[in-house]
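Engineer:
Numbering (our numbering), first residue to last: 11 to 479.
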């Protein structure tokens, strides 16, 4: 199937206000004197306004050129010219969206043209806009540095001696480096935990120990990511995690929604990993982080909640046996799920809920209805089946299921973490059904192996079953 033209793909992503602005732009003689460009755009924009599929090329050509014989090269050239005009609009729109940067760029122009009064008026606007910024994240310090560098350049043209803001520039450079570097390293650490990628952290490792108890930790844009770095890298990380949570609650208003969402996700993913390692003290933390995120609206984008976030929230609630809040969450938020995954996700999580309440027949019925499309959910569904067969004493079914489960993992592209985790679940479940319950020495050996296993999300369940043997 041929993919639609790049122009079509772009137009379908533009908002109605953007389409209206471009419609005015293409009529301007400053942009083009051609009559066919506005006609082409108006035709395509009308389809976009009405939510209709964009027209085929022959129909589009006829609309613009009338009865003239179809010329594919002519149409492609016209579409390419319109595409360039739209890209220039988007470039300008992006460049002017940051008012501080726009004023600083204009101030730089006035400085170069030796217009000091114009410069003074514009740099004051930049200073005022910078002070009015609601956030104090790394982007704020990026603009602060731009402002200081611009004023320094102007000062150096006006006086040969006297105070220059060189120290302030150096101080802001340090703050900006630490804020940006720590934010980036936390992204690397979060990515490494899932994909086992080896990253080098460069100069940061020489700085990191000096930050403890330093005045830099009075700056939330540094402190939050410093504590995030610490809990992601330290073996005993709970104290740093608590510091992170404390700063997040106090200073969340200093960060934009997208960055807050990333901070919450880093903390939640850490809780998920600790939970999967059997460290249950982070279960409540993960659940509360999700509740805060839902309350503040971090996880709803374009009126949709990711099915992965939906699954994780249910998972944390079930670990805490918060069955009623989980049922209320499923009912309240199912309408936010993407339509293509709604039914599967709801049935899958209802199955998990029913299993948690020991309603095994209902859980199996919901699993059959769910038929999850996502590989990890397929693995989780098979784990629920495994546990139901064990709980019900259906050991023949369980033996067969364990064999098919292992084969399923072998034939799928599974991350190293998930492969290890689910292979361990299969292996230790098999030990449960093959171990001699009257041999205390063997039972203790299996228990010790389960306790020592690094990656094992069902550690608690396996230990509970072992104790009941």
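No residue lacks a Cβ here, since even glycine has one placed at the ideal position from N, Cα and C.
(1) State the Cα-Cα distance for the pair residue 336 and residue 458, rounded to the nearest angstrom.
(2) For residue 314, which residues does DSSP report across the bridge?
(3) Which whole runs of the alpha helix (DSSP H) in the stretch 79 to 138 are 4 residues long or more, in chain order?
(4) Excluding the five sequence neighbours on either side, which residues of its own chain have a C-beta within less than 6 Å of the C-beta of residue 416, listed in chain order?
(5) Taking just the CA atoms, how far does residue 313 sit from residue 352?
(6) Going by CA-CA distance only, name the one from 234, 184, 223 and 224 that's closest to residue 213.
(7) Using alpha carbons as the reference points, say which of 320, 362, 348 and 188 lies closest to residue 331.
(8) Are residue 257 and residue 233 closer than 7 Å when you measure CB to CB?
(9) If we require 4 or more residues per run, which alpha helix (DSSP H) segments fall completely within the stretch 173 to 230?
(10) For the 8 Å Cβ check, are there 3 or more pairs between the stretch 339 to 346 and the stretch 383 to 398?
(11) What's the gap between the Cα of residue 264 and the Cα of residue 291?
(12) At 4 residues or longer, and completely inside the stretch 336 to 373: list those alpha helix (DSSP H) runs for me, N to C.
(13) Can you tell me whether residue 208 is buried or exposed? The criterion is at least 16 other CB atoms within 10 Å of its CB, across all chains shown.
(14) For the stretch 92 to 104 against the stretch 12 to 31, do three or more pairs of beta-carbon atoms, one drawn from each stretch, fall closer than 8 Å, so that the two count as touching?
(15) Have a look at 167, 158 and 302 and flag the residue whose alpha-carbon is nearest the alpha-carbon of residue 178.
(16) Can you give me the C-alpha to C-alpha distance between residue 244 and residue 220, rounded to a whole angstrom?
(17) Name the two residues that bound the continuous alpha helix (DSSP H) containing residue 399.
(18) Counting beta carbon pairs with one atom in the stretch 76 to 90 and one in the stretch 114 to 124, are three or more of them shorter than 8 Å?
(19) Using the beta-carbon count (16 or more within 10 Å), is residue 151 buried or exposed?
(20) Which whole-angstrom value describes the C-beta separation of residue 321 and residue 355, a residue pair presumed to lie in contact below a C-beta threshold of 8 Å?
(21) Assign residue 459 to one of three DSSP states: helix, strand, or coil.
(22) Compare the Cα-Cα distances from residue 147 to each of 266, 338, 423 and 276 and report the closest residue.
(23) Near residue 68, what residues of its chain come up, given a Cβ to Cβ distance below 7 Å and the 5 sequence neighbours on each side ignored?
(24) Evaluate the contact criterion for the stretch 394 to 401 versus the stretch 422 to 432: three or more CB pairs, one atom per stretch, below 8 Å.
(25) If you drop the 5 nearest sequence neighbours on each side, which residues of the same chain put their C-beta closer than 8 Å to that of residue 242?
(26) Can you find the residues in the same chain that come closer than 6 Å, C-beta to C-beta, to residue 165, ignoring five residues on each side of it along the sequence?
(27) Rounding to the nearest angstrom, what Cα-Cα distance links residue 306 and residue 190 in this structure?
(28) Could you say which of 254, 301, 473 and 70 lies nearest to residue 228 if we only look at CA atoms?
(29) So the alpha helix (DSSP H) residue 36 belongs to, where does it begin and stop?
(30) Taking Cβ to Cβ, would you say residue 153 is nearer than 7 Å to residue 140?
(31) Would you grab the beta carbon distance between residue 463 and residue 469 for me? Rounded to a whole angstrom, and I think it's under 8 Å.
(32) Report all residues from its chain with a CB closer than 7 Å to the CB of residue 373; omit the five preceding and five following residues, and keep chain order.
(33) When DSSP labels each residue in this structure, what does residue 451 get in the three-state scheme?
Structural biologist: Reading it off the structure:
(1) 33 Å
(2) 311
(3) 82 to 107 and 109 to 122
(4) 436
(5) 14 Å
(6) 184
(7) Residue 362 is the option with its Cα nearest to residue 331.
(8) Less than 7 Å divides the Cβ of residue 257 from the Cβ of residue 233.
(9) List check, alpha helix (DSSP H) in window: 176 to 205 and 214 to 221.
(10) Note that the stretch 339 to 346 does not touch the stretch 383 to 398; fewer than 3 beta-carbon pairs, one per stretch, sit closer than 8 Å.
(11) Looking at the two C-alpha atoms, the distance is approximately 29 Å.
(12) 349 to 366
(13) exposed
(14) yes
(15) It is 158 whose Cα lies nearest to the Cα of residue 178.
(16) When rounded, the distance between both Cα atoms is 16 Å.
(17) 385 to 401
(18) By the C-beta criterion, the stretch 114 to 124 is judged not to be in contact with the stretch 76 to 90, since fewer than 3 inter-stretch pairs fall below 8 Å.
(19) buried
(20) 7 Å
(21) helix
(22) 266
(23) 80
(24) no
(25) So the list reads 196, 199, 200, 203, 276 and 280, once near-sequence residues are dropped.
(26) The beta carbon of residue 165 lies closer than 6 Å to those of 174 in the same chain, with the five residues before and after it left out.
(27) 25 Å
(28) 254
(29) Unbroken run through residue 36: none, as it is neither H nor E.
(30) Yes, they are a contact pair.
(31) 7 Å
(32) So the qualifying residues of the chain are 361, 364, 365, 394 and 398.
(33) helix
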